[in-house]
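First residue of the sequence shown: 173, per our numbering; consecutive thereafter. Positions of the beta carbon are idealized from the N, C-alpha and C atoms, including for glycine. Each remark here refers to the structure printed beneath this line.
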Amino acid sequence: MSIQEFYNKKIGRKLLFVTIVYAIVMVLLYVFIYLNKTEQALKEDYALITKLDNKITQGIRFKRILENITVPERKDSEILAAQFLDNLKSRFPEINIEISNIQKEQKQLSYDITLKAETLWNRVVDILSFLEETEYPLIFIKSVALSSKGNTTGIDIKAHLKLFYQESEKRT
């Protein structure tokens, strides 16, 4: 019996049909697997692009903040530092402020500051928000230590503040 005679019979046609259906199902299965992998890769790329977009937006916002800051004269920068500390103390009277490591070099005034307080949790959040939202002086928070004391929260914030200044031109 030849191949042509085998496929002319009923069983041969069924076998050919099953083979074609099997091939189509396998192709569809491979396409489905490929599309799933492609979808996962696209989701990962989209997440990466979203993160990158957020970083760019944050950089643009930070650039605008820096563009709006005018560099004061030397005496003005010291006054601004004192005003910032007064504002901090008046807004949060429960804070103890310790200043150390005051440096004046290369047109910048910088110092380390330690803020200690025992207060309610919502005040802790307010303090951190205030420091985060302050545009000038530049505040770099080094560490935040929290401790629970009854119904209050002890907070110990160590930060570094920088103020830039320009030398005043003397006119005669």
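Contact check, residue i vs residue j, beta carbons under 7 Å
i	j	result
W296	I269	The sequence shown places Val at residue 296, not Trp. Against a cut-off of 7 Å, the Cβ pair of I269 and V296 comes out as no contact.
I299	V316	no
L318	T325	yes
L333	I285	yes
From the options, residue whose alpha carbon lies closest to that of residue i
i	options	result
W293	Q280, E305, K321 and Y218	K321
F234	N323, H332 and E305	E305
F264	R236, A254 and F302	F302
K279	N259, K261, K182 and E250	E250
Counted within 10 angstroms of its Cβ, other Cβ atoms place residue i as buried (16 or more) or exposed
i	result
R343	Bear in mind that a pLDDT of 44 at R343, under 50, signals an unreliable position, so the number given afterwards is only what the model happens to contain. Per the 10 Å Cβ criterion, exposed.
L134	Residue 134 lies beyond the stretch modelled for the chain, which goes from 173 to 344, so this question has no answer here.
L214	exposed
L200	exposed
C-alpha gap between residue i and residue j, whole angstroms
i	j	result
L238	A289	30 Å
V203	K314	52 Å
Y218	A254	46 Å
L207	K227	30 Å
V193	G231	56 Å
Segment contact flag, the stretch 270-280 with the stretch 292-310, C-beta cutoff 8 Å, min 3 pairs:
no
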